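Numbers 92 to 573, taken from the numbering used here, label the letters of the sequence shown in order. We put the beta carbon where it would ideally sit given N, CA and C, even for glycine. Just so we're clear, the structure is a prediction, and the values are computed from it rather than from any experiment. Below is one structure, written out as structure tokens; the observations come after it.
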Amino acid sequence: MGGGVTDEQRPLRTRVFYASGSVSGNVLSRAFTLWLIFFYVPPSDRDDLPTRIPAIGLPDLNLGGFAFPDELAPRVVLGLVLTIVRIVESVDDPVVGYLTDRTNSRWGRRIPWILLGTPWWALLFAALFIPPDGGASLTNLIYLVVIVEVFWLSSNLSGAPLEALLPHIAKTHQHRVTVAALQLLFGVFGAFIGLSISSLLVDVLGFGSMAAIMAAIALATRYTALFGCWSYAKSDDTPSTPGFKRSVRETFANKQFVAFLPSFIFFRIAEIMLTALFPFYVSAALSTSEVFGRNGSDDAGLFTFALTVIVIAGVLVGIAIFTPLARRRGNAYAFRTAMLWSMGGLFLLFFAGFMPGISRVAQAAVVIFAIGMPLAGILMLPNILIADIVDHDAQRTSTRREGMFYGSQNLLEKSASAFAPLLLAIVLLAGDSASDPLGVRLVGPVAAVLVFIGFLSFRGYTLGEAEPEPSGEAETTAPPAD
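See the structure below:
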């Protein structure tokens, strides 16, 4: 029997290797969010980049004097497609979580899924940026639907089992805060690669080479994390016993889980919109700005790189703020503080780069840095909160369903955040260029409202910081032999 190997028996290197798994996920997810919309439907004033998604004609409708548009713009088409595909794919999250919870193998419950899913995940990311046609075509649209659908499925097969290992790797509040802080540090490094390095690679090598390099990095770092914690991951080998329907019912009967979910979901929508905004923000707000002889129009990738470095710097400072805050005041208090702080920064984004008499670059740098600091708390704490909820549920039900909780969270998060590209596309209809930037300016306030909705929901989260008792696990003195 595997089981509850205590945290004291886990060497530091095991926790570090496990936390390093966040590098790979951030490399691909950040590069995907930053570049996919821009690659397929670039800004209207970027004549050097082709639009790869066609407009879709609509029937001639006139209801009560309101005339519908003759066609859906390419970016709206792309937003709708990504929304629908994301919702369809999200259904597999609780299924994958349930299957990993019940897996019984000599490698434990999680390892086989990570081993098999990771290569496909990396390969399909690279395929996203090599569409069959160079211009706008229905073929490109169909290709994108298929590749994105399978890419997200393989991402789930590789990433969800790794997430579900957290309560097994760290069982106490202090250890979970430490692991989460390490995950965020590694995640910042991954985000630096996925956002900043990818921006430089796009300028120097183009989109296809950028995607191939990002995929190779993600594959290598995901396997490194897995092999580094293999023995302890292997010891997570006690299958969950309840059937699928009962597991789903009991998961959503947990009031703490239900209170937490909207806060995470609405923040994710805001975060995706903010990340995808950066290239458009450079074109609209900084196209005429010059720094060291470079300007935002000719060096858009370099300016996007600079913005991502600034937000990452803010996150690094935020780690030093929110890690001790979570230890002293608890995870829930730190999470609420981070949400309130981020709302203020997002509202200021409406003005950043557009106030006269002050350098536009300086305005953007200050506000984006201010947004980055609370992002540290919002990015770091959800996995700890879910781990605490898992332990709370295990005390009530006498069974551990890490995969089901993380999978259910991903189901609802993906279903809701699938609307982020569509919402961004709709907001940008108000203006996405230097001559008409209103849509770009509105993205920040819209994101702030979303975070506020999540904040209101999280008021119902009441779990304290008492150390949870191990549930349903037999204590062992060492990891099983390989």
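Judging by CA-CA distance, which residue of the options is the nearest neighbour of residue i?
i: ILE202; options: THR191, LEU503 and VAL349; result: THR191
i: THR124; options: SER380, LEU431 and ALA361; result: ALA361
i: MET471; options: VAL537, ASP136, ARG385 and LEU407; result: LEU407
i: VAL179; options: ILE469, ASN195, LEU533 and ALA509; result: ALA509
i: LEU437; options: SER380, LEU533, GLY448 and PRO415; result: LEU533
i: SER526; options: LEU377, PHE335 and VAL349; result: LEU377
i: GLY319; options: LEU103, ALA538, PHE546 and SER548; result: LEU103
i: GLY281; options: ASN117, ALA213 and PHE371; result: ASN117
i: GLY297; options: GLN265, PHE130 and TYR372; result: PHE130
i: TRP321; options: LEU256, ASP139 and PHE335; result: LEU256
i: LEU646; options: PRO134, LEU352, VAL187 and LEU276; result: Because the chain in this structure spans residues 92 to 573, residue 646 falls outside the shown range and cannot be described.
i: PHE355; options: GLU162, ALA507, SER228 and THR553; result: ALA507
i: PRO145; options: ASP484, GLU162, ASN345 and GLY278; result: GLU162
i: GLY188; options: VAL518, LEU502 and ALA538; result: LEU502
i: LEU365; options: ASN195, VAL518, ARG385 and GLY278; result: VAL518
i: VAL279; options: SER499, THR399 and PRO141; result: THR399
i: GLU240; options: LEU466, ILE175, ASP139 and GLY498; result: ILE175
i: LEU140; options: PRO370, SER120 and ALA261; result: PRO370
i: TYR234; options: PHE283, LEU169 and ILE260; result: LEU169
i: ALA307; options: LEU119, GLY392 and ARG337; result: LEU119
Can you give me the Cβ contacts of residue i inside the same chain, cut-off strictly under 8 Å, excluding the 5 residues immediately before and after it?
i: VAL481; result: PRO258, ARG491, ARG492, GLU493 and PHE496
i: ASP224; result: ARG143, THR230 and ASN231
i: ASP183; result: LEU244 and ASN247
i: LYS336; result: none
i: ALA350; result: SER548, PHE549, ARG550, GLY551, TYR552 and THR553
Can you have a look at residue i and say buried or exposed, based on whether 16 or more other CB atoms are within 10 angstroms of its CB?
i: GLY95; result: With a pLDDT of only 42 at GLY95, under the threshold of 50, the placement of this residue in the model should not be trusted, and no figure is reported.
i: MET305; result: buried
i: LEU253; result: buried
i: ASP390; result: buried
i: VAL295; result: exposed
i: GLY226; result: exposed
i: TYR323; result: buried
i: GLY551; result: exposed
i: PRO512; result: buried
i: LEU446; result: Correcting the residue identity first, residue 446 is Met in this sequence and not Leu. Exposed, because fewer than 16 other Cβ atoms sit within 10 Å of the Cβ of MET446.
i: GLU504; result: buried
i: THR312; result: buried
i: SER489; result: exposed
i: ILE449; result: exposed
i: GLY435; result: exposed
i: ARG177; result: buried
i: GLY93; result: At GLY93, the pLDDT of 40 sits below 50, so the modelled position is not reliable; the number obtained from the coordinates is stated separately. Looking at its Cβ environment, which holds 16 or more other Cβ atoms inside 10 Å, GLY93 is buried.
i: GLN486; result: exposed
i: ASN195; result: exposed
i: THR553; result: exposed
i: ILE221; result: exposed
i: GLY148; result: exposed
i: ASP479; result: buried
Which same chain residues end up closer than 6 Å to residue i when comparing Cβ atoms and leaving out the 5 residues on each side of it in sequence?
i: PHE575; result: The chain is shown from 92 up to 573; residue 575 falls before or after that span and cannot be answered.
i: PRO559; result: Unreliable placement is indicated for PRO559, whose pLDDT of 42 sits below 50; the coordinate value is still reported in the next sentence. For PRO559, where only same-chain residues beyond five positions count, the Cβ hits under 6 Å are ASP482.
i: PHE396; result: SER287, SER290 and LEU291
i: LEU440; result: VAL458 and GLY535
i: ALA316; result: PHE108, SER111 and GLY112
i: LEU514; result: none
i: ARG106; result: VAL270
i: ARG418; result: VAL268
i: VAL339; result: none
i: GLY463; result: VAL402, GLY405 and VAL406
i: VAL167; result: ALA516
i: ASP484; result: ASN345
i: TRP212; result: SER245, SER246 and SER249
i: LEU466; result: VAL406
i: PRO133; result: LEU140
Among residues of its own chain, excluding the 5 on either side of residue i, which ones have a beta-carbon nearer than 7 Å to its beta-carbon?
i: GLY238; result: Checking the displayed sequence, the identity of residue 238 turns out to be Ile instead of Gly. If we look at ILE238 and ignore the five residues flanking it on each side, its Cβ neighbours are LEU215, ALA218 and LEU219.
i: GLY208; result: SER245, LEU248 and SER249
i: VAL382; result: VAL452
i: ALA375; result: ASP523, SER524, ALA525, PRO528 and VAL531
i: ALA521; result: LEU529, GLY530 and LEU533
i: GLY468; result: GLY409, PHE413, ALA425, PHE426, THR428 and ALA429
i: ALA443; result: GLN454, ALA455 and VAL458
i: SER135; result: ASP523 and SER524
i: LEU276; result: ILE410
Kindly indicate if chain B contains any beta-carbon less than 8 Å away from that of residue i.
i: THR312; result: Here chain B cannot be found, since the structure has a single protein chain.
Item to complete: For the region 244-269, list the alpha helix (DSSP H) runs that are entirely contained and at least 4 residues long, ordered along the chain.
Response: 257-260
Worksheet item: Any contact of the region 267-279 with the region 411-425, i.e. 3+ C-beta pairs under 8 Å?
Response: yes
Worksheet item: If we count Cβ pairs, one from each stretch, closer than 8 Å, do we get three or more for the region 540-555 versus the region 431-448?
Response: yes
Fill in: Contained beta strand (DSSP E) runs [length at least 3] in the region 186-224, N- to C-terminal order
none
Worksheet item: Along the chain, which unbroken stretches of the beta strand (DSSP E) at least 3 residues long are found entirely within the region 269-293?
Response: none
Worksheet entry | Residue ranges of each alpha helix (DSSP H) within the region 391-456, 4 or longer | 391-420 and 422-439
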